[in-house]
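First comes the structure, then the notes that go with it.
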Amino acid sequence: MKPQPNVNSQYARDLTYAFHPYTNARAHEERGPIIMDHGKGVFVYDDQGNEYLEALAGLWSVGVGYGEERLVTAAAEQMRKLPYYHSFAHKANGPAIDLAEQLVKMTPERLARVFFANSGSEANDTVIKMVWYYNNAIGRPEKKKIVARIRGYHGITIASGSLTGLPWNHRDFDLPIANILHTACPHHYRFAMEGESEEEFASRLAGQFEQLILDEGPETIAAFIGEPVMGAGGVIVPPKTYWQKIQAICRKYDILVIADEVITGFGRTGTPFACERFDIDPDILVLSKQITSSYLPMSAVLFTDAFYQPIADNTAKIGTFGHGFTTSGHPVASAVALENLAIIQERDLFGNAARVGEYLQTRLRSAFSDHPLVGEIRGVGLIAAVELVADKASKRSFDPLGRLGAYFFDQGHKRGIIIRNVQDSMAICPPLVITEEEVDELVKRFGQTLDDALAW
Ligand code: PMP
Numbered sequence: 001m002k003p004q005p006n007v008n009s010q011y012a013r014d015l016t017y018a019f020h021p022y023t024n025a026r027a028h029e030e031r032g033p034i035i036m037d038h039g040k041g042v043f044v045y046d047d048q049g050n051e052y053l054e055a056l057a058g059l060w061s062v063g064v065g066y067g068e069e070r071l072v073t074a075a076a077e078q079m080r081k082l083p084y085y086h087s088f089a090h091k092a093n094g095p096a097i098d099l100a101e102q103l104v105k106m107t108p109e110r111l112a113r114v115f116f117a118n119s120g121s122e123a124n125d126t127v128i129k130m131v132w133y134y135n136n137a138i139g140r141p142e143k144k145k146i147v148a149r150i151r152g153y154h155g156i157t158i159a160s161g162s163l164t165g166l167p168w169n170h171r172d173f174d175l176p177i178a179n180i181l182h183t184a185c186p187h188h189y190r191f192a193m194e195g196e197s198e199e200e201f202a203s204r205l206a207g208q209f210e211q212l213i214l215d216e217g218p219e220t221i222a223a224f225i226g227e228p229v230m231g232a233g234g235v236i237v238p239p240k241t242y243w244q245k246i247q248a249i250c251r252k253y254d255i256l257v258i259a260d261e262v263i264t265g266f267g268r269t270g271t272p273f274a275c276e277r278f279d280i281d282p283d284i285l286v287l288s289k290q291i292t293s294s295y296l297p298m299s300a301v302l303f304t305d306a307f308y309q310p311i312a313d314n315t316a317k318i319g320t321f322g323h324g325f326t327t328s329g330h331p332v333a334s335a336v337a338l339e340n341l342a343i344i345q346e347r348d349l350f351g352n353a354a355r356v357g358e359y360l361q362t363r364l365r366s367a368f369s370d371h372p373l374v375g376e377i378r379g380v381g382l383i384a385a386v387e388l389v390a391d392k393a394s395k396r397s398f399d400p401l402g403r404l405g406a407y408f409f410d411q412g413h414k415r416g417i418i419i420r421n422v423q424d425s426m427a428i429c430p431p432l433v434i435t436e437e438e439v440d441e442l443v444k445r446f447g448q449t450l451d452d453a454l455a456w
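In terms of full-length UniProt numbering, the sequence shown is numbered consecutively and its last residue is 456.
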């Protein structure tokens, strides 16, 4: 029930003072906030004492779950010792150095160096600027265009928001900027032709990508960026052979491969990085979210030595690399990241994500495949989506698209489960610590919400 606001309550003050990201402001004025108060493991509790199973791990990000005291201790100890230092002009700090080494050692082989930022968006802006800088440094200033994908998500700043391929991130923001192109979305269920196999669909998309390169001129295309599994665009697992085919085209035209693993990094898909699962050999890798389990903001851009060398040469000519954030390589965020990675390793959370992820995928399919509202259940490891449709046979969506999804999202709160609706696809991405029993509870609460949706 909506609490009765008194003018001094947090509830009332939120309505008076806050403007929320990714929120319909007018609807918010009507319905007010859910004020989260605390959490433990995969559960969070609001200020009214309601319990929710956090089936989206916050925003796909709280890997070790809520209430992890070791991260609190790591932050407090580092705060006491050195709460802040920057990384400009040859300064460094111990935790950021240790973290850089650890990231290079645990990620795909060719990645050799790290640049730290604070959010996924900042990291992707950094990537775009570095790609441009690199091509200027090696004397091909015309090779600047970056190809992203329709329904891809890479952030919301002016440049990273341009990479994102979702209409609500562009509309009325005057995006995308120049030099950003979008190619097709690899969603077999929605976009394959009648009878087209996954491999055939992948070949067709690769062909479209190549045609785009040829139309634009290969000498103008600098990079391809993709999430190994699309997240915020609706949890889209690419068809078999997709990444191999896309990568082969990138190599053919000397186009850098950028893997945005902001969601998929650190075990989400059942391997430490999704690059391993999908056989991606990136020139640039983007990480954030689970790097600290989002207890503090942090992101990292990793790249190869071949990419680094010309950039480094150019900084020597200019006298500096004129890019960096006040809080790049923040010592407290770095200390929390290191402790987070230690917990992941000690508790074998990558292994847990693989095992329990398998269980989640199986349970979702066995529980809901035959449900009249369910069109597709997709996912891998501990990331999944259930797409609701008006007609299973024809895959016809509800009209207007997203209204039932919004209802499901709200109703989920009443059933004690937090998911994310991407239009009518219900995304599930629980903390890596989730157990099989908790998956059973998730499936139970999801199923109750689905039945409510049927009666809607
Ligand atoms: N890349 C991907 C793949 C993401 O999922 C997100 C956030 N959901 C971002 C980038 C942007 O991250 P941030 O919200 O931290 O800017």
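Cβ atoms here follow ideal geometry from the backbone N, Cα and C, with glycine treated the same way.
| Item | Value |
| --- | --- |
| With the cut-off set at 8 Å, would you say D424 and L450 are in Cβ contact? | no |
| Is any non-hydrogen atom of ligand 1 found closer than 7 Å to the C-beta of H371, if you look at the structure I gave you? | no |
| By how many angstroms is the C-alpha of D283 removed from the C-alpha of K105? | 15 Å |
| For G213, which of K143, E198, G161 has the nearest alpha-carbon? | The identity of residue 213 in the sequence shown is Ile, whereas the question assumes Gly. Among K143, E198, G161, the Cα nearest to that of I213 is on K143. |
| What is the rounded straight-line gap between the Cα of A89 and the Cα of T326? | 12 Å |
| Taking only heavy atoms of ligand 1 into account, decide whether any of them is closer than 7 Å to the Cβ of G63. | no |
| Which residues in the same chain as Y359 place their Cβ atom closer than 7 Å to its Cβ, once the five residues preceding and following it in sequence are excluded? | E436, V439 |
| Drop a sphere of 10 angstroms on the beta-carbon of I343, count the other beta-carbons inside from all chains shown, and report buried for 16 or more, exposed for fewer. | buried |
| Should L302 and L285 be called a contact, given that it needs their Cβ atoms to be closer than 8 Å? | yes |
| Compute the distance between the beta-carbons of P228 and E261, then report whether it is under 8 Å. | yes |
| Please state the DSSP three-state secondary structure of M193. | coil |
| In the DSSP output, what is L56 paired with across the bridge? | Answer is none; L56 lacks a bridge partner. |
| Compare the C-alpha of V127 against each of F224, V62, N93, A27 and name the closest. | F224 |
| Report yes if the C-beta of I128 is less than 7 Å from at least one heavy atom of ligand 1; otherwise report no. | no |
| With respect to the beta strand (DSSP E) encompassing K145, which residues constitute its N-terminal and C-terminal limits? | 145–149 |
| Restricting to Cα atoms, I'd like to know which of Q448, F398, D125, L59 is closest to I258. | D125 |
| Starting from F224, trace the alpha helix (DSSP H) both ways and give me its first and last residue. | Where F224 is concerned, there is no enclosing alpha helix (DSSP H), although the beta strand (DSSP E) it sits in stretches over 221–226. |
| Mind reading off the beta-carbon distance from I146 to P310? Whole number of angstroms is fine, and I expect it under 8 Å. | In fact, because the Cβ distance is near 18 Å, the residues do not count as touching under 8 Å. |
| Starting from E387 and walking both ways along the beta strand (DSSP E), at which residues does that stretch end? | 383–388 |
| Determine the DSSP secondary structure at E142, reduced to helix, strand or coil. | coil |
| Just to confirm my understanding: we take H371, look at its own chain, exclude 5 residues before and 5 after, and list those with CB closer than 7 Å. What are they? | L450 |
| Within its chain, find whatever has a CB closer than 8 Å to the CB of A384; leave out the 5 residues flanking it on each side and keep chain order. | V235, L360, Q361, L364, I377, R378, A427, I428, C429 |
| Quick check on F115: does DSSP put it in helix, strand or coil? | strand |
| Is the beta carbon of L382 less than 8 Å from the beta carbon of A353? | yes |
| So what does DSSP say about F88, is it helix, strand or coil? | coil |
| In this structure, how does DSSP classify L285 when only helix, strand and coil are distinguished? | strand |
| Buried or exposed: which applies to N169, given that a residue is buried once 16 or more other Cβ atoms fall within 10 Å of its Cβ? | buried |
| Which residue wins for smallest C-alpha separation from L442, given the options A453, D452, G412? | G412 |
| Any heavy atom of ligand 1 inside 7 Å of the beta-carbon of P155? | Per the sequence presented here, residue 155 reads as Gly, with Pro not at that position. Flag set: Cβ of G155 near ligand 1. |
| Under the three-state reduction of DSSP, which class applies to T292: helix, strand or coil? | coil |
| In its own chain, which residues sit with a C-beta less than 6 Å from the C-beta of F278, not counting the 5 before and 5 after it? | P228, W243 |
| With a threshold of 8 Å, are at least 3 pairs of Cβ atoms found where one atom belongs to the region 153–173 and the other to the region 110–126? | yes |
| In the DSSP assignment, find the alpha helix (DSSP H) that holds residue 481 and state where it starts and stops. | This structure leaves residue 481 out entirely; the chain is present only between 1 and 456. |
| Need the endpoints of the beta strand (DSSP E) that H38 sits in, please. | 36–40 |
| Considering only heavy atoms of ligand 1, does any lie closer than 7 Å to the CB of A117? | no |
| So, with DSSP's three-state summary, where would you put I236? | strand |
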